[in-house]
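Down below is the structure, laid out as structure tokens.
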Amino acid sequence: DTEVTQTPKHLVMGMTNKKSLKCEQHMGHRAMYWYKQKAKKPPELMFVYSYEKLSINESVPSRFSPECPNSSLLNLHLHALQPEDSALYLCASSQSSRPQETQYFGPGTRLLVL
Amino acid sequence: SQQGEEDPQALSIQEGENATMNCSYKTSINNLQWYRQNSGRGLVHLILIRSNEREKHSGRLRVTLDTSKKSSSLLITASRAADTASYFCATDEGRMGGGSNYKLTFGKGTLLTVNP
Numbered sequence: 001d002t003e004v005t006q007t008p009k010h011l012v013m014g015m016t017n018k019k020s021l022k023c024e025q026h027m028g029h030r031a032m033y034w035y036k037q038k039a040k041k042p043p044e045l046m047f048v049y050s051y052e053k054l055s056i057n058e059s060v061p062s063r064f065s066p067e068c069p070n071s072s073l074l075n076l077h078l079h080a081l082q083p084e085d086s087a088l089y090l091c092a093s094s095q096s097s098r099p100q101e102t103q104y105f106g107p108g109t110r111l112l113v114l
Numbered sequence: 115s116q117q118g119e120e121d122p123q124a125l126s127i128q129e130g131e132n133a134t135m136n137c138s139y140k141t142s143i144n145n146l147q148w149y150r151q152n153s154g155r156g157l158v159h160l161i162l163i164r165s166n167e168r169e170k171h172s173g174r175l176r177v178t179l180d181t182s183k184k185s186s187s188l189l190i191t192a193s194r195a196a197d198t199a200s201y202f203c204a205t206d207e208g209r210m211g212g213g214s215n216y217k218l219t220f221g222k223g224t225l226l227t228v229n230p
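Chains as they are written, first to last, in our numbering: chain A, 1 to 114; chain B, 115 to 230.
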């Protein structure tokens, strides 16, 4: 199984809502990532989890809160988002966070903040 | 800081032609990877080339790396309509203090359109 799954595929939320994005992999990977991608732009790294511990936070606003409940799951909790946070949110995983590892991406959650 | 810068930003060719995309980066790297993204979907890894390698092949893909010029190229031969996608190079960037906290930094990407 070389698949990373993400739910939901689409999400529309108001600025006062609280929602969560979910990501799952069953490849035994120990590194998981959240990226944000705006239209016609490259993915931008938000967070890296290595062995279920947060290892990189790219100065992401606190309205985005990541969580790694176990080695297969990665959540991104959203609260009080702004319209400019509308984007495609991509989850990825890799065997480890070493530089030679291939990252496997999920299909993304397309988020619209109204 | 963004490492990879691809050119051209957009490329339109006919089926059967070859497509060449270039990527330049700024600092030393361990590896350079190329990824492909179909419209609005996740990225798919294509090929990785290590800093001590100069050329690598995978099927219809050929990647070169020139570390002295800090540049890489991706050649897709005998293109097909199904190759239509955005192509990104990605370089690793070690964290301050070393350790295992590396991250990939993606270039701006090349949008390739292959016309049937």
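Idealized CB from N, CA, C, for every residue including glycine. Please read these numbers as outputs of a predicted model, since none were measured by experiment.
9 angstroms Cβ cutoff, residue i in contact with chain B
| i | result |
| --- | --- |
| residue 24 (chain A) | no |
| residue 103 (chain A) | yes |
| residue 97 (chain A) | yes |
| residue 107 (chain A) | yes |
| residue 58 (chain A) | yes |
| residue 113 (chain A) | no |
| residue 4 (chain A) | yes |
| residue 110 (chain A) | yes |
| residue 82 (chain A) | no |
Alpha-carbon spacing of residue i relative to residue j, whole angstroms
| i | j | result |
| --- | --- | --- |
| residue 221 (chain B) | residue 69 (chain A) | 31 angstroms |
| residue 120 (chain B) | residue 223 (chain B) | 5 angstroms |
| residue 78 (chain A) | residue 71 (chain A) | 21 angstroms |
| residue 7 (chain A) | residue 182 (chain B) | 43 angstroms |
| residue 157 (chain B) | residue 218 (chain B) | 13 angstroms |
| residue 52 (chain A) | residue 93 (chain A) | 12 angstroms |
| residue 96 (chain A) | residue 32 (chain A) | 8 angstroms |
| residue 196 (chain B) | residue 105 (chain A) | 19 angstroms |
| residue 57 (chain A) | residue 44 (chain A) | 12 angstroms |
| residue 227 (chain B) | residue 199 (chain B) | 7 angstroms |
| residue 192 (chain B) | residue 130 (chain B) | 4 angstroms |
| residue 115 (chain B) | residue 11 (chain A) | Confidence is the limiting factor: at residue 115 (chain B) the pLDDT is only 43, short of 50, which leaves the residue's position unreliable and the question unanswerable from this model. |
| residue 64 (chain A) | residue 154 (chain B) | 22 angstroms |
9 angstroms Cβ cut-off: residues of chain D touching residue i
| i | result |
| --- | --- |
| residue 90 (chain A) | Absent here is chain D; the protein component of the structure consists of chains A and B. |
Range covered by the beta strand (DSSP E) that runs through residue i
| i | result |
| --- | --- |
| residue 167 (chain B) | Neither: residue 167 (chain B) is in no beta strand (DSSP E) and is coded neither H nor E. |
| residue 114 (chain A) | Counting along the chain, residue 114 (chain A) falls outside any beta strand (DSSP E), and DSSP gives it neither H nor E. |
| residue 151 (chain B) | 145-151 |
| residue 126 (chain B) | 124-128 |
is_contact[residue i, chain A] using C-beta, thresh 9 angstroms
| i | result |
| --- | --- |
| residue 162 (chain B) | yes |
| residue 221 (chain B) | yes |
| residue 227 (chain B) | no |
| residue 218 (chain B) | yes |
| residue 180 (chain B) | no |
| residue 206 (chain B) | yes |
Check: residue i C-beta below 8 angstroms from any heavy atom of the ligand ADP
| i | result |
| --- | --- |
| residue 34 (chain A) | This structure simply doesn't include the ligand ADP, nor any ligand for that matter. |
Whole beta strand (DSSP E) runs in the stretch 9-96 of chain A with 3 or more residues, listed along the chain? Qualifying beta strand (DSSP E) stretches, in chain order: 10-13, 18-25, 31-37, 44-50, 53-57, 64-70, 73-79, 87-94.
Listed in chain order, which residues of the stretch 17-50 of chain A have Cβ atoms closer than 7 angstroms to some Cβ of chain B? Legend: CB atoms of the stretch 17-50 of chain A lying less than 7 angstroms from CB atoms of chain B belong to residues 42, 43, 45, 48, 50.
Identify each residue in the stretch 116-146 of chain B for which the Cβ-Cβ distance to at least one residue of chain A is less than 7 angstroms, and report them in chain order. So the list reads 144, 145, given in the order they occur along the chain.
As an exercise, report each continuous beta strand (DSSP E) stretch of at least 3 residues that is fully enclosed by the stretch 181-230 of chain B, in chain order. Those beta strand (DSSP E) runs which fall completely within the stretch 181-230 of chain B and span 3+ residues are 185-190, 199-207, 217-220, 224-229.
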